[in-house]
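Peer 1: Here it is, the structure, as structure tokens.
There are 4 protein chains.
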Amino acid sequence: MEAALELLANDGYYASSISKIAEKAGVSKGLMYNYFESKDALVLELLSKGIDEMLEYFDPNNDGILTEAEMESFIRNIFMLLKKDIKYWKLYYALFLQPQAFKLIQDKYTNLVPAFIGILTRYYEAHNSKDPVNEALLFGAMMDGVGFNYVMNPSLYPIDNLIDTILEKFCYIKNNKNEKT
Amino acid sequence: MEAALELLANDGYYASSISKIAEKAGVSKGLMYNYFESKDALVLELLSKGIDEMLEYFDPNNDGILTEAEMESFIRNIFMLLKKDIKYWKLYYALFLQPQAFKLIQDKYTNLVPAFIGILTRYYEAHNSKDPVNEALLFGAMMDGVGFNYVMNPSLYPIDNLIDTILEKFCYIKNNKNEKT
Amino acid sequence: MEAALELLANDGYYASSISKIAEKAGVSKGLMYNYFESKDALVLELLSKGIDEMLEYFDPNNDGILTEAEMESFIRNIFMLLKKDIKYWKLYYALFLQPQAFKLIQDKYTNLVPAFIGILTRYYEAHNSKDPVNEALLFGAMMDGVGFNYVMNPSLYPIDNLIDTILEKFCYIKNNKNEKT
Amino acid sequence: MEAALELLANDGYYASSISKIAEKAGVSKGLMYNYFESKDALVLELLSKGIDEMLEYFDPNNDGILTEAEMESFIRNIFMLLKKDIKYWKLYYALFLQPQAFKLIQDKYTNLVPAFIGILTRYYEAHNSKDPVNEALLFGAMMDGVGFNYVMNPSLYPIDNLIDTILEKFCYIKNNKNEKT
DNA sequence: CATGAATGAGGGTTCATTCAT
DNA sequence: AATGAATGAACCCTCATTCAT
Chain A
180 MEAALELLAN DGYYASSISK IAEKAGVSKG LMYNYFESKD ALVLELLSKG
230 IDEMLEYFDP NNDGILTEAE MESFIRNIFM LLKKDIKYWK LYYALFLQPQ
280 AFKLIQDKYT NLVPAFIGIL TRYYEAHNSK DPVNEALLFG AMMDGVGFNY
330 VMNPSLYPID NLIDTILEKF CYIKNNKNEK T
Chain B
180 MEAALELLAN DGYYASSISK IAEKAGVSKG LMYNYFESKD ALVLELLSKG
230 IDEMLEYFDP NNDGILTEAE MESFIRNIFM LLKKDIKYWK LYYALFLQPQ
280 AFKLIQDKYT NLVPAFIGIL TRYYEAHNSK DPVNEALLFG AMMDGVGFNY
330 VMNPSLYPID NLIDTILEKF CYIKNNKNEK T
Chain C
180 MEAALELLAN DGYYASSISK IAEKAGVSKG LMYNYFESKD ALVLELLSKG
230 IDEMLEYFDP NNDGILTEAE MESFIRNIFM LLKKDIKYWK LYYALFLQPQ
280 AFKLIQDKYT NLVPAFIGIL TRYYEAHNSK DPVNEALLFG AMMDGVGFNY
330 VMNPSLYPID NLIDTILEKF CYIKNNKNEK T
Chain D
180 MEAALELLAN DGYYASSISK IAEKAGVSKG LMYNYFESKD ALVLELLSKG
230 IDEMLEYFDP NNDGILTEAE MESFIRNIFM LLKKDIKYWK LYYALFLQPQ
280 AFKLIQDKYT NLVPAFIGIL TRYYEAHNSK DPVNEALLFG AMMDGVGFNY
330 VMNPSLYPID NLIDTILEKF CYIKNNKNEK T
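Respectively, the protein sequence lines represent chains A, B, C and D. Adding 179 to a residue's 1-based position in the first sequence gives its number in my numbering. Adding 179 to a residue's 1-based position in the second sequence gives its number in my numbering. Adding 179 to a residue's 1-based position in the third sequence gives its number in my numbering. Adding 179 to a residue's 1-based position in the fourth sequence gives its number in my numbering.
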């Protein structure tokens, strides 16, 4: 069911009417409201699922400390998620910019970011960064930007090629390929 | 006229009806259609103006070469633009993610990005980067992400603090403050 | 079952969906349709019950003659009914004014009124009224109006205080209190 | 325009959709919302107009005192109003009993009734009534009831015949016809 | 140049009713 | 006897757009 609904990512929040979603899902319009209280509730559920899924891969042992291995694994997993469900993440990014939709997850999001940045900051502190907070923010921004660019144009954006450069530039991790050569 | 219209950035594309825009602009609904063929045309014009404005600050002498000074100035100018017209850029980002709206500027955008990346790539080649293309892409992504994060929450995102770190990390430019100390 | 259903009087006919009624009654929506053919049938049954209950108190020995004692008892009983089940009678009055709902009991009602007025007319004839029919009609109207006003605002409408005045003015019955004084 | 809309009295508030009203009025659905902010606003306007019209005939010189002539004239005018616009008053009564609709005019109504009853009470005091308040309430109830009964079945309810009896019974006014005989 | 009355398609949502289980 | 998933029509309302003035 939800699988079909996610396709609203194709056309955006507003362009996807409940009618069309229901039709695509092969159910009646009325039935949609047995599963979701409203269109907003539907979207909120989708978004929440996405955020939770992403969090699973960030600091997985939940100790507030990000090792280099965890960092690398986080980046690789995020990219894997992006590639696995492009349309979903397209919706995800899109809704962030739609005021009405963003309000729905504002709370969840506002609580999350500082924690996220905090852990990253400690990572950079541990790597003797001169400006750990700034680096953390830039890392976040870069990840947002990569995701954004990738979902905008998946076929042309060479997301996999970027990993090594990211690891080196943002994580101080020399990637394996380079070590081999 | 357009000045008033840009305020549709406040509420997003769909939440801003022509009626409300016209009211805010102090003109009649009908008159809007003397100036703009349609709502989409209006939005296209707004977006085009934004893209052009941004381009003005990128490679200003149009020689296809980005000097360090031009690079620094570009970044500072972009941030200045963001700060000057937050709402506008919020709309700008938002529309990028709204498929229907993005189609309107897709052509313009698709032509632009390779040129943009090309110039950046040459910049990184000139700085002996190991992966100039990747660095160019990451720079673009980071700039997108910073803009995105800033317009999402202007009061909390310390965009000015980031400049020095960006210059150092992405442009190989040691910033002035450090030199002074 | 019906007891719970009557509470649809709270919100009116249209505002009370079968879903809500079923929920209030603690049964499933589907089961409702084992007991009542339709929502209208349910309402019809409720209304019929109300009319019958009222009739029980009017001309109880069914001889077509209303004695003064029967008249007084009728009035007192009606008021007692009103007070016992305000919500029910609110529904009752409300449905009378809703064309769609009224059609359901129109037959029952249309047959009833002339008989009712007939008996009242004979009461006024027996009391040497100059216009027995008119007095009968006015009595009916006044009773409707009192009920109407009472259920509209039970806490403020002093229905009990009215009884003596009604008895005197409409039934030529000197009330007890006066006799005592 | 409104003339056509009043015909929603035919079917009641809920059974009259904006679509049907618009169709009956010969305009588009959308246009309805140029004239009335919402369905409720439409109904409120209709009801307010009705209440105001009725008040015009009650205590016309606004001195808080009801002379016998004013009283008689009031009754005759009310009946005239009823007869002139049966459907309108049918709506009027109907909406009073529909909780959702009544809320719309509750304020207006709640303020009105005590003033109304007050003036009537003084009328009865001036006529040496034993229970002026009760008589005032009964008069109000009777008028409500007569209106109610008349609009329910205009062709059968002999509203004109009732006037003389009302004047005599409720206003202590011997009517002319009787004096002549 | 400028207005705003008018349209009609489409939006989200509710609800009486049915029916497989 | 009892459930609740499923339907589809109808509801109120919004909106981009047109056009007579």
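Don't be surprised by glycine CBs; every beta carbon is placed ideally from N, CA and C.
Note down, in chain order, each residue of its chain lying with its Cβ closer than 6 Å to the Cβ of B/Val325, except the 5 sequence neighbours on either side.
Peer 2: For the purposes of this step, residue 325 of chain B is identified with residue 146 of the second sequence, where counting begins at 1. Answer for B/Val325: no residue qualifies.
Peer 1: At 4 residues or longer, and completely inside the segment 195-267 of chain B: list those alpha helix (DSSP H) runs for me, N to C.
Peer 2: Runs of the alpha helix (DSSP H) inside the segment 195-267 of chain B: 197-204, 208-214, 218-235 and 247-263.
Peer 1: At 9 Å on the CB atoms, spell out the chain D contacts of C/Phe253, in chain order.
Peer 2: Against the third sequence, residue 253 of chain C aligns to sequence position 74. Here the premise fails: no neighbours, minimum Cβ distance about 16 Å.
Peer 1: Among the candidates C/Leu276, C/Val222, C/Gln277 and C/Arg255, whose CA atom is the shortest distance from the CA of C/Asp343?
Peer 2: As a position in the third sequence, residue 343 of chain C is number 164, starting the count at 1. That would be C/Arg255, whose Cα lies nearest to the Cα of C/Asp343.
Peer 1: Whose Cβ in chain D lies nearer than 9 Å to the Cβ of C/Glu314?
Peer 2: On the third sequence, residue 314 of chain C is found 135 positions in, with the first residue counted as 1. Under the 9 Å cutoff, chain D gives Thr344 and Lys348.
Peer 1: I think D/Leu260 touches D/Ile298, with their Cβ atoms under 8 Å apart; what is that distance to the nearest whole Å?
Peer 2: By 1-based counting over the fourth sequence, the position of residue 260 of chain D is 81. By 1-based counting over the fourth sequence, the position of residue 298 of chain D is 119. The pair is not a contact, with the Cβ atoms about 19 Å apart (cut-off 8 Å).
Peer 1: Determine the burial state of A/Leu341: buried for a count of at least 16 other Cβ atoms within 10 Å of its Cβ, exposed for fewer.
Peer 2: Counted from its first residue, the first sequence places residue 341 of chain A at position 162. Buried: at least 16 other Cβ atoms inside 10 Å.
Peer 1: What separation, rounded to the nearest whole angstrom, lies between the Cα atoms of B/Ile197 and B/Ala220?
Peer 2: Along the second sequence, read from residue 1 onward, the residue named residue 197 of chain B stands at position 18. Along the second sequence, read from residue 1 onward, the residue named residue 220 of chain B stands at position 41. Whole-angstrom Cα-Cα distance: 12 Å.
Peer 1: Would the segment 271-285 of chain C count as touching the segment 271-279 of chain D if we require 3 or more Cβ pairs under 8 Å?
Peer 2: Judged by Cβ distances under 8 Å, the segment 271-285 of chain C makes contact with the segment 271-279 of chain D, as three or more pairs qualify.
Peer 1: Would you report the Cα separation of A/Thr360 and B/Asn313, rounded to the nearest angstrom?
Peer 2: In the first sequence, residue 360 of chain A corresponds to position 181, counting from 1. In the second sequence, residue 313 of chain B corresponds to position 134, counting from 1. Legend: pLDDT at A/Thr360 = 42, less than 50; position of this residue unreliable, no value from coordinates given.
Peer 1: Looking at D/Met321: is its Cβ nearer than 8 Å to the Cβ of C/Leu317?
Peer 2: In the fourth sequence, the residue the question calls residue 321 of chain D occupies position 142. In the third sequence, the residue the question calls residue 317 of chain C occupies position 138. Yes, they are a contact pair.
Peer 1: So which residues of chain D does C/Leu317 contact, with C-beta pairs closer than 9 Å?
Peer 2: Reading the third sequence from its first residue, position 138 is the one you call residue 317 of chain C. Within 9 Å Cβ-Cβ: Met321, Gly324, Val325, Leu341, Thr344, Ile345, Lys348 and Phe349.
Peer 1: Flag C/Ala220 as yes if its beta-carbon sits less than 8 Å from any beta-carbon of chain D, otherwise no.
Peer 2: Walking along the third sequence from the start, residue 220 of chain C turns up at place 41. Not closer than 8 Å to any Cβ of chain D, the Cβ of C/Ala220 fails to qualify, so no.
Peer 1: For a test of the three-state rule: what should DSSP assign to A/Lys269, helix, strand or coil?
Peer 2: Taking the first sequence and counting its residues from 1, the one referred to as residue 269 of chain A is at position 90. Helix at A/Lys269.
Peer 1: Around the C-beta of A/Gly205, are 16 or more other C-beta atoms found within 10 angstroms, so that it is buried, or is it exposed?
Peer 2: Working through the first sequence from its first residue, we reach residue 205 of chain A at position 26. Looking at its Cβ environment, which holds fewer than 16 other Cβ atoms inside 10 Å, A/Gly205 is exposed.
Peer 1: At a CB-CB cut-off below 8 Å, which residues of chain D make contact with C/Asn328?
Peer 2: Here residue 328 of chain C corresponds to residue number 149 of the third sequence, with the count starting at 1. The contacting residues are Leu316, Gly319, Ala320 and Asp323.
Peer 1: For D/Ile265, which option in D/Met250, D/Val330, D/Ala315 and D/Tyr212 has the closest C-alpha, if you only look at C-alpha atoms?
Peer 2: Counting from 1 along the fourth sequence, the entry for residue 265 of chain D is found at position 86. When each option's Cα is compared against that of D/Ile265, the closest is D/Val330.
Peer 1: With 16 other CB atoms within 10 Å as the buried threshold, where does D/Lys353 fall?
Peer 2: Residue 353 of chain D sits at position 174 when you count from the first residue of the fourth sequence. That one is exposed.
Peer 1: Could you check whether B/Lys287 and B/Ile200 sit closer than 8 Å to each other, using their CB atoms as the reference points?
Peer 2: To locate residue 200 of chain B, count along the second sequence from 1; it is residue 21. To locate residue 287 of chain B, count along the second sequence from 1; it is residue 108. Result no, Cβ atoms of B/Ile200 and B/Lys287 do not sit closer than 8 Å.
Peer 1: Among the candidates B/Trp268, B/Asn240 and B/Glu347, whose CA atom is the shortest distance from the CA of B/Tyr303?
Peer 2: Walking along the second sequence from the start, residue 303 of chain B turns up at place 124. Comparing Cα positions, the closest option is B/Glu347.
Peer 1: Are the Cβ atoms of D/Val222 and D/Ala305 separated by less than 8 Å?
Peer 2: By one-based count along the fourth sequence, residue 222 of chain D stands at place 43. By one-based count along the fourth sequence, residue 305 of chain D stands at place 126. Contact flag unset, no.
Peer 1: For the alpha helix (DSSP H) containing A/Asp343, list its first residue and its last residue.
Peer 2: Looking up residue 343 of chain A in the first sequence gives position 164. Element bounds for A/Asp343: Ile338 to Cys350.
Peer 1: Could you tell me whether the Cβ atoms of B/Gly319 and B/Ile345 are closer together than 8 Å?
Peer 2: Counted from its first residue, the second sequence places residue 319 of chain B at position 140. Counted from its first residue, the second sequence places residue 345 of chain B at position 166. No. Outside cutoff.
Peer 1: Are the beta-carbon atoms belonging to D/Leu225 and D/Leu270 less than 8 Å from one another?
Peer 2: Working through the fourth sequence from its first residue, we reach residue 225 of chain D at position 46. Working through the fourth sequence from its first residue, we reach residue 270 of chain D at position 91. Cβ atoms of D/Leu225 and D/Leu270: closer than 8 Å.
Peer 1: Using the three-state DSSP reduction, which class does A/Tyr302 fall into: helix, strand or coil?
Peer 2: Stepping through the first sequence from its first residue, residue 302 of chain A is reached at position 123. Of the three classes helix, strand and coil, the one that applies to A/Tyr302 here is helix, per DSSP.
Peer 1: Once DSSP output is grouped into helix, strand and coil, what is the label at A/Asp177?
Peer 2: Within the shown structure, residues of chain A are numbered from 180 to 360, placing residue 177 of chain A beyond reach of any answer.
Peer 1: Starting from the beta carbon of C/Ala194, find every residue of chain D whose beta carbon is closer than 9 Å, and list them in chain order.
Peer 2: Start at 1 with the first residue of the third sequence, and residue 194 of chain C comes out as number 15. The contacting residues are Tyr193, Gln277, Pro278 and Gln279.
Peer 1: Does D/Pro239 pass the burial test, meaning 16 or more other C-beta atoms within 10 Å, or should it be called exposed?
Peer 2: If you number the fourth sequence from 1, residue 239 of chain D lands on position 60. So D/Pro239 ends up on the exposed side.
Peer 1: Residues of chain A with CB under 9 Å from B/Ala273, in chain order?
Peer 2: For the purposes of this step, residue 273 of chain B is taken as the residue at position 94 of the second sequence. In chain order: Ala273, Phe275, Leu276, Gln277 and Pro278.
Peer 1: What does the Cβ neighbour count give for A/Gly191, buried or exposed, with the cut at 16 atoms within 10 Å?
Peer 2: Along the first sequence, one-based indexing puts residue 191 of chain A at 12. The residue is buried, with at least 16 neighbouring Cβ atoms inside 10 Å.
Peer 1: Please decide whether B/Asp264 counts as near chain A, where near means a Cβ-Cβ distance under 8 Å.
Peer 2: The residue you call residue 264 of chain B lines up with position 85 of the second sequence. It does not: the Cβ of B/Asp264 has no partner Cβ on chain A nearer than 8 Å.
Peer 1: So with Cβ pairs under 8 Å, would you call B/Asp310 a contact of chain A?
Peer 2: Position 131 of the second sequence, counted from the start, is the residue given in the question as residue 310 of chain B. Output row for B/Asp310: interface = yes.
Peer 1: Once the 5 residues before and after B/Phe237 are set aside, which same chain residues still bring their CB inside 6 Å of it?
Peer 2: The sequence position of residue 237 of chain B within the second sequence is 58, counting from 1. Counting only Cβ-Cβ distances below 6 Å, and skipping sequence neighbours, we find Phe253.
Peer 1: Please confirm if B/Met331 has its CB atom under 8 Å from at least one CB of chain A.
Peer 2: Indexing the second sequence from 1 puts residue 331 of chain B at position 152. Yes, its Cβ sits closer than 8 Å to a Cβ of chain A.
Peer 1: Alpha carbon to alpha carbon, how far is C/Lys263 from D/Gly243?
Peer 2: Working through the third sequence from its first residue, we reach residue 263 of chain C at position 84. Working through the fourth sequence from its first residue, we reach residue 243 of chain D at position 64. Roughly 37 Å separates the two Cα atoms.
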